[in-house]
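Peer 1:
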Amino acid sequence: MPAKPRPALLPRLLLAVLALLVLLGVGHALLWRWMAGQVEANLAAWEAARRTEGWVVEHGAPVRAGWPLAVRLRLPAFRLAREAVDWRAASIELRLALARPGRLVVDMAGEHRLRLGQGDWPVQAGALSASLPVERRALPSEATIRGAGLRMGEIGVAALWLDLETREGALEGEPALGLRGALDGVDLPVALAALGPRIEGLALDTVLTGPMPPPASLAARAASWRDGGGTLALRRLDLRWGPVTAALDATLALDQALQPMGAGTLRLTGAEAALDALAAAGMLAPRGAAGARVMAGLLGRVPPEGGPPRIEVPLTLDRQRLTLAGLPLARIETWRWP
Numbered sequence: 001m002p003a004k005p006r007p008a009l010l011p012r013l014l015l016a017v018l019a020l021l022v023l024l025g026v027g028h029a030l031l032w033r034w035m036a037g038q039v040e041a042n043l044a045a046w047e048a049a050r051r052t053e054g055w056v057v058e059h060g061a062p063v064r065a066g067w068p069l070a071v072r073l074r075l076p077a078f079r080l081a082r083e084a085v086d087w088r089a090a091s092i093e094l095r096l097a098l099a100r101p102g103r104l105v106v107d108m109a110g111e112h113r114l115r116l117g118q119g120d121w122p123v124q125a126g127a128l129s130a131s132l133p134v135e136r137r138a139l140p141s142e143a144t145i146r147g148a149g150l151r152m153g154e155i156g157v158a159a160l161w162l163d164l165e166t167r168e169g170a171l172e173g174e175p176a177l178g179l180r181g182a183l184d185g186v187d188l189p190v191a192l193a194a195l196g197p198r199i200e201g202l203a204l205d206t207v208l209t210g211p212m213p214p215p216a217s218l219a220a221r222a223a224s225w226r227d228g229g230g231t232l233a234l235r236r237l238d239l240r241w242g243p244v245t246a247a248l249d250a251t252l253a254l255d256q257a258l259q260p261m262g263a264g265t266l267r268l269t270g271a272e273a274a275l276d277a278l279a280a281a282g283m284l285a286p287r288g289a290a291g292a293r294v295m296a297g298l299l300g301r302v303p304p305e306g307g308p309p310r311i312e313v314p315l316t317l318d319r320q321r322l323t324l325a326g327l328p329l330a331r332i333e334t335w336r337w338p
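So, in C-alpha cells, the structure goes:
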C-alpha cells in the first residue's frame, strides 16, 4: 500500500517564524510605550519636587519619538528659574536608549536665554548634552556634560567638558560636590582681550565639602553652609592665555559677612603682562601694581626645562582684600546674595 504524502514543513515553519516576529514586535512596542510613560512619570516627579523647593519649571506638551531603539521626549519652550537664575531654551530633549535604561541623556543643542543676577545673555549651542543616571534627586549622583560650538553673548567656546559628582548627607569636611572640567578655545570680544583674543585653555578641579544646606534662599543656604564648616577646595585652576600661564590651588570659605575668604598658592609665567592687563582694567590700584611688578622681578626664576621666568607666591583673600605675598594687590567688590 503506498505511503501517505507528508505535509510540507516549510510553510508551517515560515508561519511559526512570522508569528514569533509579530509577537516580538508587539512586545517591543509595548515595552517602548511603557518606558516612554516611565520617562514622563519621572519627569513629572522631578518637576513637582523642584516646585516644592521654589523653582519655576515650565515647558510645552512633551513630544514622544525615537522608536524602536530609544525613547526621546522633546520639551518645547523649556524654562527653569528661581530667584537670580532664569534659563530658557527653545527646546530640550530627554533620550533613553532601550539598551541602557538606567542612563538618561539630555540634549540641549540650540538657542537659549540665560539670566544670572543682573546679567542676561543669549546662548547658542552647536552641541550640548548631559549624561546622568535615572534617579529622583535634586542633583544627580554623577553627570558628564559635553559641548562644542558654544556662544554666550560675545564670547565663544570651541569645546567644553564637565564631570560632576555629588554626595547626599555629607558631613563637615566630607566631599559633597566635586567638579572637574575644561574650556578650550575661548574667543573674547575686544573689550576683554587684554592678553589676546583667545584663551587657549582653562581647566578646573574643585571640591565643595559639606554639609549641604536644605532648600532655602541663596543667602540662607550660604550662611548654613558656612556655619556647618563648609569649604571650597580649589585643587587646580589652570589658565593658558597669550603670554600668561597660571596655576592656582587654594582653599576658600565664607566670612561672617558671607564674603569669600581664603588662601592659596599661585604659579605664574608672564607676570608682567598679567599685571599690566589687570592694572589697565582697573582691577589693580597703580601702587599695588607697581609693587607687584617689583616683587615679580625679584621672585621670577627660569624653570629647569627653560622658558620665561616663573614665580610661585602665596595669595590671601581676607576682608575683601587680595594680597600677594603680603603685598596689597586689590580690593574685591562686595558679593550681594539674591
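Each residue of the sequence shown is one higher than the one before, starting from 1 at the first, in full-length UniProt numbering.
Positions of the beta carbon are idealized from the N, C-alpha and C atoms, including for glycine.
Output the distance between the C-alpha atoms of E312 and A289, rounded to the nearest integer angstrom.
Peer 2: Position 312 of the sequence shown holds residue 312. Position 289 of the sequence shown holds residue 289. Cα-Cα distance, rounded: 17 Å.
Peer 1: Ignore the nearest five residues each way along the sequence and tell me which others in A235's own chain have a CB closer than 7 Å to its CB.
Peer 2: Counting from 1 along the sequence shown, the entry for residue 235 is found at position 235. According to the sequence as given, residue 235 is Arg; it is not Ala. Excluding sequence neighbours, R235 sits near D205, T206, V207, D249.
Peer 1: Is S224 helix, strand or coil when you go by DSSP?
Peer 2: On the sequence shown, position 224 is the one that residue 224 refers to. In this structure, S224 counts as helix in the three-state DSSP scheme.
Peer 1: Ordered along the chain, which non-local residues of its own chain (more than five positions away) have a Cβ less than 6 Å from that of W32?
Peer 2: The residue labelled residue 32 in the question sits at position 32 within the sequence shown. W67, listed in sequence order.
Peer 1: Buried or exposed for V56, please, with buried defined as at least 16 other CB atoms from any protein chain shown within 10 angstroms of its CB.
Peer 2: Residue 56 sits at position 56 when you count from the first residue of the sequence shown. Exposed, because fewer than 16 other Cβ atoms sit within 10 Å of the Cβ of V56.
Peer 1: Which residues mark the beginning and the end of the alpha helix (DSSP H) in which M295 is found?
Peer 2: Sequence index remark: in the sequence shown, residue 295 carries index 295 (1-based). Residues 286 to 299.
Peer 1: Based on Cα-Cα distance, which residue from R319, S129, H112 lies nearest to L104?
Peer 2: Here residue 104 refers to the residue found at position 104 when the sequence shown is read from its first residue. Closest by alpha carbon: S129.
Peer 1: If you measure between the beta carbons of L116 and A138, is that distance less than 8 Å?
Peer 2: One-based indexing of the sequence shown puts residue 116 at position 116. One-based indexing of the sequence shown puts residue 138 at position 138. No.
Peer 1: When the Cα atoms are used, what is the spatial distance from R167 to M212?
Peer 2: For the purposes of this step, residue 167 is identified with residue 167 of the sequence shown, where counting begins at 1. For the purposes of this step, residue 212 is identified with residue 212 of the sequence shown, where counting begins at 1. Whole-angstrom Cα-Cα distance: 9 Å.
Peer 1: Among the residues of its own chain, which have a CB less than 6 Å from the CB of residue 340, if the five just before and after it don't count?
Peer 2: Nothing can be reported for residue 340, as the shown portion of the chain is limited to 1 through 338.
Peer 1: Determine the DSSP secondary structure at L275, reduced to helix, strand or coil.
Peer 2: Working through the sequence shown from its first residue, we reach residue 275 at position 275. If DSSP states are grouped into helix, strand and coil, L275 belongs with the helices.
Peer 1: Taking DSSP as the reference, what is the three-state secondary structure of Q259?
Peer 2: Within the sequence shown, numbered from 1, the residue matching residue 259 stands at position 259. Coil, per DSSP.
Peer 1: Quick one: what's G125 bridged to in DSSP?
Peer 2: Within the sequence shown, numbered from 1, the residue matching residue 125 stands at position 125. Just to set this straight, residue 125 is Ala in the shown sequence, not Gly. DSSP lists G110, L150 as partners of A125.
Peer 1: Under the three-state reduction of DSSP, which class applies to R319: helix, strand or coil?
Peer 2: Numbered from its first residue, the sequence shown carries residue 319 at position 319. R319 falls in the coil class under three-state DSSP.
Peer 1: Can you have a look at V294 and say buried or exposed, based on whether 16 or more other CB atoms are within 10 angstroms of its CB?
Peer 2: Translated into the one-based positions of the sequence shown, residue 294 becomes position 294. V294 comes out exposed.
Peer 1: Curious, which full-length alpha helix (DSSP H) runs of at least 4 residues does the stretch 176 to 201 contain?
Peer 2: The stretch 176 to 201 contains no whole alpha helix (DSSP H) run of 4 or more residues.
Peer 1: Excluding the five sequence neighbours on either side, which residues of its own chain have a C-beta within less than 6 Å of the C-beta of R151, listed in chain order?
Peer 2: Taking the sequence shown and counting its residues from 1, the one referred to as residue 151 is at position 151. The residues are Q124.
Peer 1: Taking S91 as part of the beta strand (DSSP E), name the residues at either end of that continuous run.
Peer 2: Here residue 91 corresponds to residue number 91 of the sequence shown, with the count starting at 1. S91 -> beta strand (DSSP E) spans 85 to 97.
Peer 1: Let me check understanding here. Comparing Cα to Cα, which of A223, G282, G270 lies closest to A253?
Peer 2: Your numbering for residue 253 matches position 253 in the sequence shown. Here the closest residue by C-alpha is A223.
Peer 1: May I ask which residues mark the beginning and end of the beta strand (DSSP E) holding W161?
Peer 2: Within the sequence shown, numbered from 1, the residue matching residue 161 stands at position 161. First-last of the beta strand (DSSP E) with W161: 155 to 166.
Peer 1: Sort out for me which residues DSSP pairs R136 with in a bridge.
Peer 2: Mapped onto the sequence shown, residue 136 falls at position 136. Per DSSP, none; premise fails for R136.
Peer 1: Is A143 near L164, with beta carbons less than 8 Å apart?
Peer 2: Taking the sequence shown and counting its residues from 1, one reaches residue 143 at position 143. Taking the sequence shown and counting its residues from 1, one reaches residue 164 at position 164. Closer than 8 Å, so yes.
Peer 1: In terms of alpha-carbon separation, which member of R331, V39, P304, G173 lies closest to L278?
Peer 2: In the sequence shown, counting from the first residue as 1, residue 278 sits at position 278. When only C-alpha atoms are compared, the closest one is R331.
Peer 1: Work out the CA separation of I145 and R180 for me, nearest whole Å.
Peer 2: On the sequence shown, residue 180 is found 180 positions in, with the first residue counted as 1. On the sequence shown, residue 145 is found 145 positions in, with the first residue counted as 1. R180 and I145: Cα-Cα distance of roughly 10 Å.
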